[in-house]
Amino acid sequence: MDGGDRIAEVLRRHGVQFLFTLCGGHISPILVGAKRRGIRVVDVRHEVNAVFAADAVARLTGVPGVAAVTAGPGLTNTITAVKNAQLAQSPVIVLGGAAATVLKGRGALQDIDQMALMRPHVKWAQAARRVRDLVPMLEEAFRVAQEGVPGPVFLECPVDLLYREDVVKSWYVAKTKPGQAPSLGERALATYLGFHTWRMFAGADEPRPQTPRPVPPPPLARDELRAAAEAFARAERPVIVVGSQAMSIPGEARGIASALEAIGAPVYLSGMARGLLGAGHPLQMRHARKAALKQADLVVLAGVPCDFRLDYGQNVSRRAVLVAANRSEEEMQKNRSPDVPVLADAGRFLQGLAGRLVAAGQVRDRSAWVAKLRGADEARDKDIASQAEAAPTGPEALVSPLHLCRRIEASLDDRSQLVADGGDFVATASYIVRPRAPLSWLDPGVFGTLGVGAGFALGAGLVRPEAETWIFYGDGSVGYSLSEFDTFVRHKVPVIAVVGNDACWAQIAREQVEILGDAVGTELARTDYHLAAAGFGAVGLEIREAAAVDAVLAEAKAAAKSGKPVLINVHLAGTDFRKGSLSM
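Every position in the sequence shown, counted from 1, becomes a number in the working numbering once 728 is added.
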């Protein structure tokens, strides 16, 4: 059993089904060991997408996602995805290859200070120095990634800890000319290397992989729950905002949805919580959130910080009682201190709140308040529908993004899962397209990262092969991961990618042109992205007029059902639907 086998056995015991990677000599034994144990090794075309895919798996299953990447540039390529996982609080494990222990700092291939690179972006970073370190360190990595506020961790695995002892010894045999006695220096080097190798492998079989123990979420304090329930029972106009962190225990999604129904208050869902109540639940509001928060006399932020998405807390009326449940003390107190702080898992808090209100008979009839917000919601939906039917402007007919998104919404399968990767077009889609079920929407989160699309869809498609997996791309964001259509084809992941092609970075251009009067750096070409996807072996389709939308969507769905990934290149007309939407 080599070091790669030892690592793979820990992965197997922790329930890891997929290992995402881009091959490299520093990590080959890990990949081979994983394959031997029935772990599916999924190789991508850029290391950043290995981590994005691992992130998606973690979000959907609750089991930390794992990526293994080679040393140096292999690891540096992951940084954006690692930082995204950190800010999104996703439990991801990155296994990084490294130069041999005896060659560190001596100019070996791809040898850099990887620990200094990774430490600012992860919860925990360690470097193994002996074979016996690999098992306990990796087990510790799994625990740390999940406890408290979840997040990414990093374990550096030098290449000479991963191969068999006899192979490593053959690397370190002193080289002398035939028939010539070794010099004093050569004998000294041989002695040092022999001792170094002995020390690396000493006790290698002693730490056996252990059966993993569950990592419980932070406990919910009774006094905090009582205070929140008492405040909620007094409220006339409560609003609940549920964010991604509330979904950190995916297996409890249905329980959280039932809790919100039992509480009976208006709910806004964001991030990974989108879809929690299905596509059209009467308690879920989708529009005019700012106005609702200003009118509310109590606001519950369940796994939602007061960052730019809530105008740094200014969206919530100062007269309202603010209840905040969060695993992170820092996020709970960010920009605005809550009146009732609950340092706990937000999903567990919602379930506890519902249980306490029901048990005490304190669930109130708030149907008039719900109806008022529902009316505003329906008015906005009618306005969007009206805009969608307006004829596109410009020299070419092309396709209204609103019309396209409404037709996609009408065609979605009940088991669909949606990946958002882009700016203007994707934000437009978020107003219209409704996730059908819990854990069926994936977006980057607070970091606003472009390029998550292919990696997220890869992870989601592997976890739920029975689902229809869609990617909403802007024509800017698709450039980050178009080559992963090769990965979709090779690994038989039949995604449907829709590229909103308006030949520009529209979200930036809209404000830049209006304020600065110059489109420099924001203009793109109406590229044939569908032909590029076809070149990788996928199905490439194109839409240039609204009349073709329904037929092409049907063709795409049929191709995906037959097992083929699809890219639909939709040429969009200009729109001012999201004018004034620049975020700071």
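All C-beta atoms in this analysis are idealised placements derived from N, C-alpha and C, irrespective of residue type, glycine included.
Residues that residue i bridges to, as DSSP identifies them
{"i": "M846", "result": "In DSSP, M846 forms no bridge with anything."}
{"i": "D771", "result": "T749"}
{"i": "L1026", "result": "P966, V1049"}
{"i": "Q1145", "result": "T1197"}
{"i": "Q854", "result": "L883"}
{"i": "C1133", "result": "Bridge partners of C1133: none, in fact."}
{"i": "Q1012", "result": "V995"}
{"i": "I821", "result": "V794, V881"}
{"i": "V1298", "result": "G1228, I1271"}
{"i": "G1202", "result": "G1228"}
{"i": "A826", "result": "P886"}
C-beta atoms of residue i and residue j nearer than 8 Å
{"i": "L803", "j": "G824", "result": "yes"}
{"i": "F1200", "j": "P1293", "result": "no"}
{"i": "Y1208", "j": "L1178", "result": "yes"}
{"i": "A974", "j": "A1001", "result": "yes"}
{"i": "Q817", "j": "P910", "result": "no"}
{"i": "H1219", "j": "V776", "result": "no"}
{"i": "V1277", "j": "V1127", "result": "yes"}
{"i": "A1231", "j": "D1256", "result": "no"}
{"i": "A981", "j": "P1166", "result": "yes"}
{"i": "V1147", "j": "A1188", "result": "yes"}
{"i": "V1098", "j": "P1010", "result": "yes"}
{"i": "A782", "j": "G793", "result": "yes"}
Of the listed residues the options, nearest to residue i (C-alpha basis)
{"i": "I991", "options": "G1207, A1053, P966", "result": "P966"}
{"i": "A1155", "options": "I1236, L1186, R941", "result": "I1236"}
{"i": "V1028", "options": "V969, T1177, G1179", "result": "V969"}
{"i": "V797", "options": "L1081, I1112, F1216, G752", "result": "G752"}
{"i": "T939", "options": "V822, A1275, R1254, H742", "result": "H742"}
{"i": "D894", "options": "G907, G731, R773, W1097", "result": "G731"}
{"i": "L1071", "options": "S911, M1060, C1232, A778", "result": "M1060"}
{"i": "E1270", "options": "G1291, G1228, A1234", "result": "G1228"}
{"i": "V779", "options": "K1285, K1292, A1185", "result": "A1185"}
{"i": "L1026", "options": "N1043, F870, G1204", "result": "N1043"}
{"i": "I821", "options": "A827, V830, T829, K811", "result": "K811"}
{"i": "E884", "options": "R860, P864, A855, V859", "result": "A855"}
{"i": "A1016", "options": "F1216, V995, A1282", "result": "V995"}
{"i": "Y891", "options": "L750, A1253, A827, E1242", "result": "A827"}
{"i": "A873", "options": "G922, Q814, A930", "result": "Q814"}
{"i": "G999", "options": "R740, S1095, G1173", "result": "G1173"}
{"i": "S972", "options": "E952, L997, S986", "result": "L997"}
{"i": "V1051", "options": "E952, D1035, R1092", "result": "E952"}
{"i": "R1135", "options": "R950, G1089, L1281", "result": "L1281"}
{"i": "R1055", "options": "T806, A1260, L948, L831", "result": "L948"}
Supposed close pair residue i, residue j - CB separation, criterion 8 Å
{"i": "L1130", "j": "F1264", "result": "That belief does not hold up - the Cβ atoms of L1130 and F1264 are roughly 30 Å apart, past 8 Å."}
{"i": "L1101", "j": "M1013", "result": "5 Å"}
{"i": "R728", "j": "Q745", "result": "Past the boundaries of the shown model lies residue 728; the chain is included only from 729 to 1312, so the question cannot be answered."}
{"i": "V1180", "j": "V1298", "result": "About 20 Å; that fails the 8 Å criterion."}
{"i": "G800", "j": "I840", "result": "6 Å"}
{"i": "A1007", "j": "R1164", "result": "5 Å"}
{"i": "A1074", "j": "G1041", "result": "Between G1041 and A1074 the Cβ distance is about 17 Å, and since that is not below 8 Å, they are no contact."}
{"i": "V738", "j": "V943", "result": "At roughly 15 Å, the Cβ-Cβ gap does not stay under 8 Å, so V738 and V943 are not in contact."}
{"i": "I1224", "j": "A1284", "result": "5 Å"}
{"i": "D1141", "j": "E1194", "result": "So it is not a contact: roughly 10 Å between Cβ atoms."}
{"i": "L1078", "j": "I984", "result": "5 Å"}
{"i": "F929", "j": "V859", "result": "5 Å"}
Per-residue burial, residue i [other beta carbons within 10 Å of its own, 16 or more giving buried]
{"i": "Y920", "result": "exposed"}
{"i": "E1137", "result": "exposed"}
{"i": "W1169", "result": "buried"}
{"i": "W926", "result": "exposed"}
{"i": "L788", "result": "buried"}
{"i": "R1046", "result": "exposed"}
{"i": "P880", "result": "buried"}
{"i": "K1289", "result": "exposed"}
{"i": "K1018", "result": "exposed"}
{"i": "P1222", "result": "buried"}
{"i": "S898", "result": "exposed"}
{"i": "K851", "result": "buried"}
{"i": "Q908", "result": "exposed"}
{"i": "L1085", "result": "buried"}
{"i": "F960", "result": "buried"}
{"i": "F748", "result": "buried"}
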